[in-house]
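Top to bottom, those sequences are chains A and B.
Quick note on numbering: our numbering labels position 93 of the first sequence as 93, and the sequence is numbered without any gaps.
Plus 273 on top of the position in the second sequence (first one is 1) and you've got our numbering.
Idealized CB from N, CA, C, for every residue including glycine.
In this text the structure is predicted, and so the values were computed from the model without any measurement.
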Amino acid sequence: MTGPRPAWSIAVEAVPEVSSISPIDDISRDWAWGGSSGHGVRVAVIDSGIERSHPAIGNVEGYVSIAEGPDGMIYEDGPHDDVFGHGTACAGIIRSLAPECELYSVRVLGPMLSGRGAVFAAGLRWAIENGMHVCNLSLGTTKRDLFALFHELADDAYFRRVVLVTAANNMPIPSFPSLYASVISVASHEGKDPEVFFCNPNPPVEFYAPGVDLRVAWAGGAWLTTTGNSFAAPHIAGLAARILGKHPTLTVTQTKVVLRALAANVRPDAATP
Amino acid sequence: MNQTPAGPDDDARATIARQSQEIERLRQRITQAQAAERLRDALDMAGLAGTIAAPLSHEQLLDRVVSTAAQVIAARAGALFLIDEEANELVFEVAIGPKADEVKKFRVPLGHGIAGLVAMSGQPMAVSDAEENPQQARDIAQSVGYVPQTIVCVPLTADDRIIGVLELLDKQGAPSFSPADIDILGLFANLAALAIEQSQAQQNLVQLVTNALASAGSGAMAAGPTAPEAGLADDAAYRQALDLAQLVQEIGAQGETELECCRAILQSFARYLRFRANPLGGPRPSW
Numbered sequence: 001m002t003g004p005r006p007a008w009s010i011a012v013e014a015v016p017e018v019s020s021i022s023p024i025d026d027i028s029r030d031w032a033w034g035g036s037s038g039h040g041v042r043v044a045v046i047d048s049g050i051e052r053s054h055p056a057i058g059n060v061e062g063y064v065s066i067a068e069g070p071d072g073m074i075y076e077d078g079p080h081d082d083v084f085g086h087g088t089a090c091a092g093i094i095r096s097l098a099p100e101c102e103l104y105s106v107r108v109l110g111p112m113l114s115g116r117g118a119v120f121a122a123g124l125r126w127a128i129e130n131g132m133h134v135c136n137l138s139l140g141t142t143k144r145d146l147f148a149l150f151h152e153l154a155d156d157a158y159f160r161r162v163v164l165v166t167a168a169n170n171m172p173i174p175s176f177p178s179l180y181a182s183v184i185s186v187a188s189h190e191g192k193d194p195e196v197f198f199c200n201p202n203p204p205v206e207f208y209a210p211g212v213d214l215r216v217a218w219a220g221g222a223w224l225t226t227t228g229n230s231f232a233a234p235h236i237a238g239l240a241a242r243i244l245g246k247h248p249t250l251t252v253t254q255t256k257v258v259l260r261a262l263a264a265n266v267r268p269d270a271a272t273p
Numbered sequence: 274m275n276q277t278p279a280g281p282d283d284d285a286r287a288t289i290a291r292q293s294q295e296i297e298r299l300r301q302r303i304t305q306a307q308a309a310e311r312l313r314d315a316l317d318m319a320g321l322a323g324t325i326a327a328p329l330s331h332e333q334l335l336d337r338v339v340s341t342a343a344q345v346i347a348a349r350a351g352a353l354f355l356i357d358e359e360a361n362e363l364v365f366e367v368a369i370g371p372k373a374d375e376v377k378k379f380r381v382p383l384g385h386g387i388a389g390l391v392a393m394s395g396q397p398m399a400v401s402d403a404e405e406n407p408q409q410a411r412d413i414a415q416s417v418g419y420v421p422q423t424i425v426c427v428p429l430t431a432d433d434r435i436i437g438v439l440e441l442l443d444k445q446g447a448p449s450f451s452p453a454d455i456d457i458l459g460l461f462a463n464l465a466a467l468a469i470e471q472s473q474a475q476q477n478l479v480q481l482v483t484n485a486l487a488s489a490g491s492g493a494m495a496a497g498p499t500a501p502e503a504g505l506a507d508d509a510a511y512r513q514a515l516d517l518a519q520l521v522q523e524i525g526a527q528g529e530t531e532l533e534c535c536r537a538i539l540q541s542f543a544r545y546l547r548f549r550a551n552p553l554g555g556p557r558p559s560w
């Protein structure tokens with residue numbers, strides 16, 4: 001039988017090869033990311049921009065800055081700076097863990113408030129449709145009328161193997177996309193080792209990474225000591241980039257399983273390199 | 274002094290020390306939880322009092338939220354900004370602290386500062402070396418009259434929109450604000466947002482009652498074209514609130530004791546409902 005088949009049915013001989021992962025107990029840090037620098041992995045920082053000239057950044061492979069115009073979204077792809085410093089902080093953390101990943105700055109946070117939820121969604125869509133492998137989302141929206149739109153985007157990313165790493169929001173108000181099952185939601189722990197993280201058996205927060213009193217890169221070539229889940233998420237994004245650098249065909253689920261298997265509270269021995 | 278090898282006594286002493294620390298931490302958390310509970314009650318009371326006769330002003334309510342937050346979290350100063358979406362500006366509402374009295378109300382454009390960033394990203398954050406980066410704290414410095422060393426800032430959310438930010442400055446007794454401080458400040462931000470909503474609803478309600486009473490004298494009803502809030506007057510929830518406010522006002526007219534009795538009854542009923550809705554206390558933070 002030839003021609004396209006419906007998605008629920010596929011000829012056995014046509015089933016594509018997929019990556020297998022070793023039995024979960026055998027997964028080691030060395031297997032997961034040993035020797036990987038994130039080379040070839042495209043990481044989008046969907047934030048306030050990235051300051052390329054900051055010593056913590058190195059290079060920025062591509063830029064897009066999004067704003068709401070009178071006739072829809074306006075996309076500008078020339079180099080830009082960081083409006084606040086927040087995106088540079090996230091990018092610096094990712095760079096320190098995955099020195100050879102390709103950083104893309106998707107600027108959705110600016111000094112204009114109006115339409116910020118829609119601009120954020122447009123940035124996420126841009127990243128999914130432009131071949132990013134990992135997206136760092138240290139921001140969220142509380143607008144209920146955007147729930148379905150972000151849910152659809154998060155599912156789309158999941159099916160296209162784009163890992164969305166989101167900062168959990170600890171406010172008493174629900175914020176998304178960090179609440180969706182298809183993303184990797186991260187909060188902070190007080191440790192300082194950038195490669196030590198924990199998994200949380202009580203989602204929606206699934207992982208804890210360093211995010212307390214961290215020295216991070218900031219706009220204007222500055223450094224800032226800060227606390228926040230915003231800075232925990234890029235640790236997991238950086239490690240995901242390294243895992244995908246070594247195992248490029250892993251699905252989002254597999255990447256999450258690998259991370260979970262290497263969490264310090266699951267495999268205390270795995271935490272010591 | 275002779276060094277003695279660590280023995281069972283030392284182990285026991287270490288365990289006791291650890292346990293005492295743990296007890297102290299728990300004790301602090303309980304104190305914080307109790308303070309938050311007291312503030313909730315205070316706000317309930319303030320809201321109810323406002324509906325009856327003597328409204329606590331918008332500023333007084335917010336001032337109370339910020340100063341209680343600063344007291345509970347042990348901060349030297351604090352500030353609350355609301356967002357003006359049209360102008361893309363932060364509007365300074367409340368400041369408490371050593372130089373707060375010298376500061377007048379002002380507006381700052383969004384962008385560059387920590388307050389603007391938190392308003393945009395919706396993500397709470399703390400900074401522990403703000404004085405090294407004065408440009409990050411310019412808006413805050415302007416609001417309290419000095420550059421703080423440490424900052425914690427959380428968004429204020431009402432009806433699923435970010436409407437402002439709440440900040441505390443200069444943690445006392447510790448080098449920086451902790452994740453637990455961020456969590457607790459988030460609860461206060463929630464209260465502040467509620468207070469803002471409540472005082473706005475209250476202003477409408479007070480106006481509605483005033484108009485109803487004024488127009489009752491001339492034989493017209495509140496829902497008539499003389500009421501400025503004609504749309505609101507048609508709203509069932511507002512009608513119920515109005516009925517309730519009128520009842521309470523009637524009781525209040527009888528005297529202080531009757532009013533106090535009425536307040537106590539309503540408050541215990543509200544407390545019972547809160548308990549019934551959530552017998553084990555609020556949701557735990559995910560930090």
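query: So with Cβ pairs under 8 Å, would you call glutamine 471 of chain B a contact of chain A?
result: no
task: Below 8 Å on the Cβ atoms is my guess for threonine 255 of chain A versus valine 163 of chain A; work out the distance and round it to an integer in Å.
output: 6 Å
- prompt: For isoleucine 435 of chain B versus isoleucine 356 of chain B, is the C-beta spacing smaller than 8 Å?
  reply: yes
- prompt: How close, in whole Å, do the beta carbons of glutamine 396 of chain B and alanine 167 of chain A come, if the pair is a contact with beta carbons under 8 Å?
  reply: 6 Å
- request: Below 7 Å CB to CB, which residues in the same chain sit around tryptophan 218 of chain A once its five sequence neighbours on both sides are set aside?
  value: Gly85, Thr88, Ala89 and Leu224
- prompt: In the region 110-139 of chain A, which residue ranges form an unbroken alpha helix (DSSP H) of at least 4 residues, counting only runs that do not cross its ends?
  reply: 116-129
field: Cβ-based neighbour list, alanine 209 of chain A, same chain, cut-off 6 Å, excluding 5 preceding and 5 following
entry: Val186, Phe197, Ala232, His235 and Ile236
- prompt: Between which two residues does the alpha helix (DSSP H) harbouring threonine 341 of chain B extend?
  reply: 331-346
message: According to DSSP, is threonine 166 of chain A part of a helix, a strand, or is it coil?
response: strand
- prompt: Which residue or residues does DSSP assign as beta-bridge partners of serine 188 of chain A?
  reply: A:Ala209
field: Bounding residues of the beta strand (DSSP E) (the contiguous stretch that carries valine 216 of chain A)
entry: 214-218
- prompt: Closer than 8 Å, CB to CB, is aspartate 155 of chain A near chain E or not?
  reply: No chain E is part of this structure, whose protein chains are labelled A and B.
- request: Measure the CB-CB distance between threonine 226 of chain A and serine 175 of chain A and report whether it falls below 8 Å.
  value: no
message: Report the CB separation of leucine 103 of chain A from valine 134 of chain A in whole angstroms; it is logged as a contact under 8 Å.
response: With a Cβ gap of about 10 Å, leucine 103 of chain A and valine 134 of chain A do not count as contacting.
- prompt: Who are the neighbours of proline 452 of chain B on chain A, taking C-beta pairs under 7 Å?
  reply: Ser188, Val212 and Thr227
query: From what residue to what residue does the beta strand (DSSP E) around glycine 349 of chain A run?
result: The displayed coordinates of chain A run from 1 to 273. Any statement about residue 349 of chain A would go beyond what the structure contains.
message: Quick check on DSSP: helix, strand or coil for aspartate 25 of chain A?
response: helix
- request: Tell me where the alpha helix (DSSP H) around cysteine 90 of chain A begins and ends.
  value: 86-97
field: Residue environment, alanine 526 of chain B, which counts as buried when at least 16 other CB atoms sit within 10 Å
entry: exposed
task: Determine whether the Cβ of aspartate 433 of chain B lies closer than 8 Å to any Cβ atom of chain A.
output: yes
- prompt: Using CA coordinates, which residue listed in A:Ile173, A:Ser178 and A:Val212 is at the minimum distance from glutamate 190 of chain A?
  reply: A:Val212
query: Roughly how many angstroms separate the alpha carbons of valine 119 of chain A and threonine 341 of chain B, rounded to a whole number?
result: 36 Å
message: Which residues in chain B have a C-beta closer than 8 Å to the C-beta of arginine 144 of chain A? List them in chain order.
response: Asp433
- prompt: DSSP state of valine 391 of chain B, grouped into three classes?
  reply: helix
DSSP-derived helix/strand/coil call for threonine 251 of chain A: coil
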